[in-house]
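I have placed the structure first, in the form of structure tokens, so that the comments after it can refer back to it.
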Amino acid sequence: MAGVDYFDRIPNNVGLAANRRLLRALEDWQPRFLDWWREMGPEGFQAKDVYLRTAVSVDSKGWAHFDYVKMPEYRWGIFLAEPEPGRVVNFGAYKGNPAWQDVPGEYRGVLRRLIVTQGDTEPASVEQQRHLGRTCPSLYDLRNLFQVNVEEGRHLWAMVYLLHAHFGRDGREEAEALLQRRSGDRDKPRILGAFNEETPDWLAFFMFTYFTDRDGKYQLCSLAESGFDPLSRTCRFMLTEEAHHMFVGETGIGRIVERTCQLMREHRTEDVRKFGAIDLRTLQKYLNFHYSVSLDLFGSEISTNAANYYTSGLKGRFEETKRDDDHLLKEATHAVALLEGDRVVTREVPALTSLNERLRDDYIADCQRGLDRWNQVIRKHGLDVELRLPHRGFHRAIGCFAEARISPDGRVLTEAEWDAKRDEWLPNGEDAAFIASLMRPETEPGKFAGWIAPPARGINGKPIDFEYVRLGPREDA
Ligand code: BYC
Ligand code: FE
Ligand code: FE
4 MAGVDYFDRI PNNVGLAANR RLLRALEDWQ PRFLDWWREM GPEGFQAKDV
54 YLRTAVSVDS KGWAHFDYVK MPEYRWGIFL AEPEPGRVVN FGAYKGNPAW
104 QDVPGEYRGV LRRLIVTQGD TEPASVEQQR HLGRTCPSLY DLRNLFQVNV
154 EEGRHLWAMV YLLHAHFGRD GREEAEALLQ RRSGDRDKPR ILGAFNEETP
204 DWLAFFMFTY FTDRDGKYQL CSLAESGFDP LSRTCRFMLT EEAHHMFVGE
254 TGIGRIVERT CQLMREHRTE DVRKFGAIDL RTLQKYLNFH YSVSLDLFGS
304 EISTNAANYY TSGLKGRFEE TKRDDDHLLK EATHAVALLE GDRVVTREVP
354 ALTSLNERLR DDYIADCQRG LDRWNQVIRK HGLDVELRLP HRGFHRAIGC
404 FAEARISPDG RVLTEAEWDA KRDEWLPNGE DAAFIASLMR PETEPGKFAG
454 WIAPPARGIN GKPIDFEYVR LGPREDA
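Residue 308 in this note's numbering sits at position 305 of the sequence shown; the count goes up by one each step and never skips.
Okay, structure coming up:
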């Protein structure tokens with residue numbers, strides 16, 4: 004195991020200094036990454052000091068080092084979790100074989116595609132969030148946005164490292180293409196649907212970090228089970244960072260709910276818009292949108308791709324090694340909700356081809372836990388309202404439900420029924436305009452926009468009114 008070369012141009016624990024060719028390839032890519040960051044990363048604030056956490060090593064103490072950093076000087080590094088001695092492939096046709104340290108030749112193409120798909124989401128999210136700094140609800144939130152952004156940048160580095168280290172020339176070309184695609188671009192969009200949507204306001208940002216980053220968690224957990232050991236180790240370390248992104252989402256929505264409930268109680272009305280807050284109906288609509296778009300990220304209910312990833316030992320289930328079964332799944336079945344004519348039915352289907360759905364099940368259960376906590380806040384205020392996850396078929400663009408219109412409570416609708424209700428279920432132009440009208444920057448330390456409550460505590464033991472971003476005398480470019 005190589006030590007941490009933190010003071011190299013590219014901090015790493017993969018012994019880059021000893022691999023001149025790889026080092027040179029990555030040092031070649033680095034300035035182009037920085038060009039991309041300057042062009043597509045957070046707009047404004049690049050010259051400001053931000054109180055950021057930087058990974059300086061992978062052990063429990065070293066990976067959370069806090070200091071003021073200018074974002075372009077953030078030390079994006081390559082960190083893999085420590086190897087597990089004697090690790091084997093834990094599922095599929097190669098179960099029990101030693102885990103692969105190199106790419107198995109016959110799976111080169113598939114594995115590259117999985118890594119590229121994962122890698123593509125990371126810069127995409129930075130692009131989606133690039134305008135948010137201008138309308139931050141507080142310095143605390145501004146800092147959290149930038150923390151998420153630099154870490155998604157590091158996740159791109161994590162995948163680019165694998166491409167450069169293990170996929171030769173194809174890998175270098177893919178690493179280049181990752182900097183060329185653009186979220187929402189008509190000609191060269193990002194690969195997956197949700198990453199071409201806009202994140203125009205902070206409500207969307209908190210929903211995105213709650214629901215879409217959570218897809219990241221589940222995909223990374225499945226890839227962390229991979230028999231291709233470098234991928235597994237990379238994902239395991241990425242997951243430590245992912246936890247913060249979901250924290251930002253969960254507490255962000257929780258603080259909005261708190262503020263909304265305070266005003267509902269104070270003024271005895273559900274319509275808190277006139278007091279400059281976000282009404283629960285609008286919150287529910289945004290939730291419906293981001294949840295459904297994130298459900299699409301798991302792919303089709305029935306997928307031979309997913310079966311092949313599993314059988315070849317490349318992508319496992321969530322917590323694969325904790326499950327007590329044969330890890331081959333040749334005979335097993337799984338209950339899957341499917342569309343049959345104008346009805347939603349549950350069918351037992353082969354477990355192997357329904358692995359996407361199984362991961363979606365795990366994800367849905369996890370999403371519900373956050374809603375339970377937000378609903379507790381509502382109840383604590385003595386209010387009789389509840390946020391709900393819509394039916395998994397609602398507003399889907401991938402999988403069998405994409406062919407139908409499904410209501411939030413799971414009924415198959417006619418086009419006319421859908422059209423009549425759409426605006427009650429999903430944000431419309433008026434909702435977006437209202438939310439946009441709330442997006443006024445609040446940059447005085449310790450102050451918060453009127454639509455969101457302060458957090459329970461600051462970052463890294465600092466007070467809530469700490470100067471998390473030093474804005475200095477005036478805005479710069
Ligand atoms: N949009 O067999 P199927 C994160 C395509 S998020 C567009 O069901 P499969 C993060 C599919 O590619 C985690 N296309 O799909 C979060 C296939 O195309 P072909 C990202 C889609 O392959 C926040 C076809 O439809 N990581 O890290 O089983 C901030 C048939 O589909 C979509 C990964 O995704 C879609 N939503 O599953 C920052 C992990 N869904 O073959 C970061 C790697 C499906 O017809 N990726 N298609 O051309 C995978 O494991 C798989 O690619 C998927 C799709 C699970 C995404
Ligand atoms: Fe990420
Ligand atoms: Fe993330």
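Note that CB positions come from ideal geometry on N, CA and C, so glycine has one too. As the structure is a computational prediction, the values presented were derived from the model and not from experiment.
Strand pairing of I409, partner residues [DSSP] = Looking up residue 409 in the sequence shown gives position 406. DSSP, once it has assigned bridges, lists V415 as partnering I409.
Residue range of the unbroken alpha helix (DSSP H) whose run includes K220 | Taking the sequence shown and counting its residues from 1, one reaches residue 220 at position 217. Unbroken alpha helix (DSSP H) run through K220: 216-227.
Name the DSSP bridge partner or partners of V339?
-> On the sequence shown, residue 339 is found 336 positions in, with the first residue counted as 1. Paired residues: R350.
Taking all protein chains shown into account, decide if Y221 is buried (16 or more other Cβ within 10 angstroms of its Cβ) or exposed.
-> Position 218 of the sequence shown, counting from 1, holds the residue named residue 221. Buried: at least 16 other Cβ atoms inside 10 Å.
Taking Cβ positions, are L148 and D204 nearer each other than 9 angstroms?
-> Position 145 of the sequence shown holds residue 148. Position 201 of the sequence shown holds residue 204. Contact flag unset, no.
Any idea what DSSP makes of Y71, helix, strand or coil?
-> Within the sequence shown, the letter at position 68 stands for residue 71. Reduced to three states, the DSSP call for Y71 is strand.
Selected residue, minimal CA-CA separation from S303, among W428, L390, R116, D364 | Reading the sequence shown from its first residue, position 300 is the one you call residue 303. Taking only the C-alpha atoms, the option nearest S303 is D364.
CA nearest to the CA of V2, picked from W32, K318, Y71, P34 = For residue 2 there is no data in the structure shown, the boundaries of the chain being 4 and 480.
Quick one: grab the DSSP three-state call for W103.
-> Locating residue 103 in the sequence shown gives position 100, where the first residue counts as 1. In this structure, W103 counts as strand in the three-state DSSP scheme.
Can you give me the start and stop residues for the alpha helix (DSSP H) that L181 sits inside?
-> For the purposes of this step, residue 181 is taken as residue 178 along the sequence shown, with counting starting at 1. That run of the alpha helix (DSSP H) goes 171-183.
Mind listing, in chain order, the residues whose beta carbon lies closer than 6 angstroms to a non-hydrogen atom of ligand 3?
-> Residues flagged by the Cβ proximity filter: E155, D216, G219, E245, H248.
Within-9 angstroms CB hit, F278 to chain C | The structure shown contains no chain C; it holds only a single protein chain.
Output the distance between the C-alpha atoms of G233 and P86, rounded to the nearest integer angstrom.
-> Numbered from its first residue, the sequence shown carries residue 233 at position 230. Numbered from its first residue, the sequence shown carries residue 86 at position 83. For the record, residue 233 in the displayed sequence is Pro; it is not Gly. If I take the Cα positions, the gap works out to 9 angstroms.
Taking 8 angstroms as the line, does the beta carbon of T237 fall inside it for any heavy atom of ligand 1?
-> Counted from its first residue, the sequence shown places residue 237 at position 234. T237 Cβ: outside cutoff for every heavy atom of ligand 1.
For L55, the residue or residues it bridges with in DSSP = As a position in the sequence shown, residue 55 is number 52, starting the count at 1. Paired residues: D70.
Look at A227 and R217 and say whether their C-beta atoms are less than 9 angstroms apart.
-> Numbered from its first residue, the sequence shown carries residue 227 at position 224. Numbered from its first residue, the sequence shown carries residue 217 at position 214. One thing to note: A227 has its Cβ no nearer than 9 angstroms to the Cβ of R217.
Spatial neighbours of G171 within its chain, please: CB distance less than 8 angstroms, with the 5 preceding and 5 following residues excluded, ordered by chain position.
-> Position 168 of the sequence shown, counted from the first residue, corresponds to residue 171. Around G171: no qualifying Cβ.
Which term fits R24, buried or exposed, when burial requires 16 or more other beta carbons within 10 angstroms of its beta carbon?
-> By one-based count along the sequence shown, residue 24 stands at place 21. That one is exposed.
List the DSSP bridge partners of R27.
-> Within the sequence shown, the letter at position 24 stands for residue 27. For R27, which the question treats as bridged, DSSP gives no partner whatsoever.
Given 8 angstroms as the limit, is there contact between the segment 122-131 and the segment 179-187, that is, 3 or more CB pairs closer than that?
-> Contact between the segment 122-131 and the segment 179-187 is present: three or more C-beta pairs spanning the two stretches fall below 8 angstroms.
Distance, A400 Cα to R346 Cα | As a working note, residue 346 is residue 343 in the sequence shown. As a working note, residue 400 is residue 397 in the sequence shown. Answer to the nearest angstrom: the Cα atoms are 18 angstroms apart.
Using only alpha-carbon positions, find the residue among G453, L114, E154, G99 that is nearest to A246.
-> Taking the sequence shown and counting its residues from 1, the one referred to as residue 246 is at position 243. Selected option, being the one with the closest Cα: E154.
Residue environment, R326, which counts as buried when at least 16 other CB atoms sit within 10 Å | Counted from its first residue, the sequence shown places residue 326 at position 323. Exposed is the call here.
Using three-state DSSP, classify V151 as helix, strand or coil.
-> For the purposes of this step, residue 151 is identified with residue 148 of the sequence shown, where counting begins at 1. Three-state DSSP puts V151 in a helix.
For K288, does the count of other Cβ atoms within 10 angstroms reach 16, so buried, or fall short, so exposed?
-> As a working note, residue 288 is residue 285 in the sequence shown. That one is buried.
Are the segment 246-260 and the segment 377-396 touching, with three or more C-beta to C-beta distances below 8 angstroms?
-> yes
Where the alpha helix (DSSP H) through T356 begins and ends | The residue you call residue 356 lines up with position 353 of the sequence shown. No alpha helix (DSSP H) holds T356; DSSP gives it neither H nor E.
Give me the Cα-Cα distance between F208 and S410, rounded to the nearest whole angstrom.
-> Counting from one through the sequence shown, the residue named residue 208 turns up at place 205. Counting from one through the sequence shown, the residue named residue 410 turns up at place 407. Rounded to the nearest angstrom, the two C-alpha atoms are 25 angstroms apart.
Which word fits R157, buried or exposed, when buried means at least 16 other C-beta atoms lie within 10 angstroms of its C-beta?
-> Your numbering for residue 157 matches position 154 in the sequence shown. R157 comes out buried.
DSSP state of R236, grouped into three classes?
-> Counting from one through the sequence shown, the residue named residue 236 turns up at place 233. Three-state DSSP puts R236 in a helix.
So does E125 have its beta carbon nearer than 8 angstroms to some heavy atom of ligand 2?
-> By 1-based counting over the sequence shown, the position of residue 125 is 122. Indeed, a heavy atom of ligand 2 lies less than 8 angstroms from the Cβ.
Tell me whether the beta-carbon of P14 lies closer than 9 angstroms to the beta-carbon of A67.
-> Position 11 of the sequence shown holds residue 14. Position 64 of the sequence shown holds residue 67. Taking 9 angstroms as the Cβ cut-off, P14 and A67 do not qualify as a contacting pair.
Beta-carbon spacing of Y213, R146 below 9 angstroms = As a first step, residue 213 must be located in the sequence shown, where it is residue number 210. As a first step, residue 146 must be located in the sequence shown, where it is residue number 143. Not closer than 9 angstroms, so no.
Ignore the nearest five residues each way along the sequence and tell me which others in A280's own chain have a CB closer than 6 angstroms to its CB.
-> Here residue 280 corresponds to residue number 277 of the sequence shown, with the count starting at 1. Same-chain partners within the cutoff: R262, T263, L266, W454.
Per-residue DSSP class, three states only, for R372 | Translated into the one-based positions of the sequence shown, residue 372 becomes position 369. In the structure shown, R372 sits in a helix (DSSP, three-state: H, G or I).
heavy atom of ligand 2 below 8 angstroms from M43 C-beta | For this step, residue 43 is matched to residue 40 along the sequence shown. For ligand 2, not one heavy atom lies less than 8 angstroms from the Cβ of M43.
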